[in-house]
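**Student:** Sharing a structure, written as structure tokens. Questions coming.
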Amino acid sequence: MEDRLRLMAVHAHPDDESSKGAGTMAKYVAEGVEVLVVTCTGGERGDVLNPRLKGDPEIEANIHEVRRAEMERARQILGVAQAWLGFVDSGLPEGDPLPPLPEGCFALEKVETAAEPLVRLMREFRPHVVTTYDENGGYPHPDHIQCHRVSVEAFDAAGDPDRYPGTGAPWQPLKLYYNQTFSRARVMALHEAMLERTGSSPYEGWMERWDERGDRLEREITTHVNCADYFEVRDQALLAHATQVDPDGSWFSVPMDLQKAVWPTEDFELARSLVDTAIPEDDLFAGIR
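Note that the sequence shown ends on residue 293 in this note's numbering; no numbers are left out.
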């Protein structure tokens, strides 16, 4: 094993890296792990969710550049490296029936076409561990689902010298994880803690919708990484994506001390492992170190 461990986190849009596994990445950076965030799209079709910035004509006219600048600030806060795959945001279709996805968007790319630049990055960066989304995308955004497909394809292909010729020397990552930040157990624990402390909870609507739908299967959480010491860094990185985050919104309404006491980990589902490891884990590099 080489001196430094390497972690690659593959995400669909700028800001996803700061809401899914950011504390874990910051923790590993502090421990000397090399971390590379791969962003599949530029997030050009994302809505401006911060009411203070919504309707700003300059932002709307330059959303691609604005989101790149936000990503750079978040990258610096987390201390990670970052690379763009260069695909175009698909947007989140709404309506009944849903409209077709826009031509040329990431979700409509052939998986092999979209995976090629990621295979190249894997062979160049040589990660030991890769994180991405499960087959449902974490939530059913077409770019998140495509991100899953592309990440799995690249993970399986990067070590095969016969696949994707011309993209560098083969390198096989050893473990693949799915982010499971928003498990029902975590949301319920924070919900109940907020009710006990304040009598109200920002998750009340979440729990109602969860119960009404009844179709969101619980995933197996295999790995709990204690990164509570880096929750503040996580939030700073998320706030750097100013167009995407309302600083007065429910995301930040749970007091930090309560978050750390009730659920001090970020959670993952081990999807592939080429090394021996024992479940449950508390380290993405278990079996590799």
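C-beta: ideal position from N, C-alpha, C; glycine also.
Candidates R167, D261, I283: which alpha carbon is nearest A197's?
**Tutor:** D261
**Student:** Could you tell me which residues DSSP pairs with F110 in its beta bridges?
**Tutor:** DSSP, once it has assigned bridges, lists no residue as partnering F110.
**Student:** Report the option in H145, V70, G83 whose CA atom is closest to the CA atom of H15.
**Tutor:** H145
**Student:** Name the DSSP bridge partner or partners of A87?
**Tutor:** V42
**Student:** Cα separation between G46 and E139?
**Tutor:** 21 Å
**Student:** So, at 8 Å on beta carbons, what are the nonlocal neighbours of P103 in its own chain, with the 5 sequence-adjacent residues on each side left out?
**Tutor:** P97
**Student:** Nearest to H228 by CA position, among Q184, T247, A161, is which residue?
**Tutor:** Q184
**Student:** Is the CB-CB distance between G50 and D93 below 8 Å?
**Tutor:** yes
**Student:** Between A26 and chain B, is any beta-carbon pair separated by less than 8 Å?
**Tutor:** Annotation note: the requested chain B is absent from the structure, which comprises a single protein chain.
**Student:** Please classify H17: does DSSP put it in a helix, a strand, or coil?
**Tutor:** coil
**Student:** Counting only runs of 4+ residues fully inside the stretch 94 to 157, write out the alpha helix (DSSP H) ranges in chain order.
**Tutor:** 115 to 129
**Student:** Tell me whether S257 sits in a helix, a strand or coil according to DSSP, three-state version.
**Tutor:** coil
**Student:** Could you spell out the range, first to last residue, of the beta strand (DSSP E) harbouring I65?
**Tutor:** Residue identity check: residue 65 is Ala in the sequence provided, not Ile. Note, A65: premise wrong, no beta strand (DSSP E); alpha helix (DSSP H) at 61 to 65.
**Student:** Cα-Cα, which of F129, I149, Y182 is closest to G163?
**Tutor:** F129
**Student:** Do you know how far the Cα of G291 is from the Cα of V237?
**Tutor:** 27 Å
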